[in-house]
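Residue numbers (my numbering): -3 to 294.
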DNA sequence: TTCAATGTTTAGAC
DNA sequence: GGTCTAAACATTGA
């Protein structure tokens, strides 16, 4: 699913592609998750795109008339902008991002006066699009009750260290995915970061040494940086006919690699249910206790 | 038919 | 009463 790196990439691309464009019309076939609130399409017509930004995994398109379009891609959402010259896409890779639009997964279509279109596609319909006023209070209300934590890419190591130590009883993977702790990490990057740091996902914060916590922080930033680089190169390739591959997940070392050899030691990556999610990790590199296991690991 | 996928929320347990 | 967890939710393809 799209997490912070994917969202960052699409936000950057959209900023280049649609900033300054004027909205002409909006179409949608899917009311339940498309909230106009007390507003109507008329409120958006003629307004100009001022800025595209994000808060955690939430994408925010600010308009010149004091309104904003707030989008969450959730599990299978994707955003595709296309006009006569360029195509910019990002999000979940199914259906392929180079598939012609609109298609069967297209839920909302924003048309601009330059004849370009921004498509919100979502195969599984877990995502949502909301229209709200641009002030922070309204946007916060649109996003939900969860107070988003700091952005992991804009955080310092010290800040991370201080913050994490306030939750000694929490399990590390669970905490990393808690959006109020840090915004933007989901199942993929918590697995990746912990694999990089060689930390078992079930370790409690209290059991972690400072250097281990620092390694986790580095793991988060490194995997994000790598993903943004990869995603950026694919999403920025302007396509006509020839689709971008979508390097999504091709760099993963742990996530969805069950049964595949660990890139470090060759041990098979295992998948284990915990805290309602499946965690992927290397049972040799990432051990639960610091002590050497009494039993031989095969 | 059941399961799995996700972030967020709610109901329930302690 | 607050904190933590397990389950529910919305939806569809495999």
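Quick reminder that beta carbons are idealized off the backbone N, C-alpha and C, glycines included.
None of the values given here were measured: they were computed from a predicted structure.
Test item: CB-CB of residue i and residue j under 9 angstroms
i: residue 145; j: residue 14; result: no
i: residue 101; j: residue 89; result: no
i: residue 166; j: residue 200; result: yes
i: residue 108; j: residue 18; result: yes
i: residue 128; j: residue 23; result: no
i: residue 151; j: residue 220; result: no
i: residue 52; j: residue 147; result: yes
i: residue 259; j: residue 276; result: no
i: residue 41; j: residue 21; result: yes
i: residue 171; j: residue 163; result: yes
i: residue 59; j: residue 74; result: no
i: residue 6; j: residue 134; result: no
i: residue 183; j: residue 274; result: yes
i: residue 39; j: residue 61; result: yes
i: residue 281; j: residue 194; result: yes
Whole-angstrom C-beta distance between residue j and residue i, which should lie under 8 angstroms
i: residue 99; j: residue 79; result: At roughly 17 angstroms, the Cβ-Cβ gap does not stay under 8 angstroms, so residue 99 and residue 79 are not in contact.
i: residue 212; j: residue 168; result: 7 angstroms
i: residue -1; j: residue 180; result: 6 angstroms
i: residue 196; j: residue 283; result: 6 angstroms
i: residue 4; j: residue 224; result: 6 angstroms
Coarse secondary structure for residue i, derived from DSSP in three states
i: residue 274; result: strand
i: residue 108; result: strand
i: residue 118; result: strand
i: residue 239; result: Interpretation of residue 239 is limited by its pLDDT of 38, a score under 50 that renders its predicted location unreliable; no figure is taken from the coordinates.
i: residue 140; result: coil
i: residue 283; result: coil
i: residue 215; result: helix
i: residue 54; result: strand
i: residue 201; result: helix
i: residue 159; result: helix
i: residue 267; result: strand
i: residue 170; result: helix
i: residue 249; result: coil
heavy atom of the ligand MG below 8 angstroms from residue i C-beta
i: residue 8; result: The ligand content of the structure shown is nil, which means the ligand MG is not present either.
*Would you say the segment 117 to 124 touches the segment 63 to 78, given that touching needs at least three Cβ pairs under 8 angstroms?*
yes
*Answer yes if the segment 19 to 31 comes into contact with the segment 151 to 158, meaning at least three C-beta pairs across the two stretches below 8 angstroms, and no otherwise.*
Contact fails: fewer than three Cβ-Cβ distances are below 8 angstroms.
*Identify every run of the beta strand (DSSP E) within the segment 4 to 52, keeping only runs that are complete inside it and at least 3 residues long; order them along the chain.*
19 to 24 and 45 to 51
*Contiguous beta strand (DSSP E) assignments of at least 3 residues, all confined to the segment 52 to 95*: Those beta strand (DSSP E) runs which fall completely within the segment 52 to 95 and span 3+ residues are 54 to 59, 63 to 68, 73 to 78 and 83 to 87.
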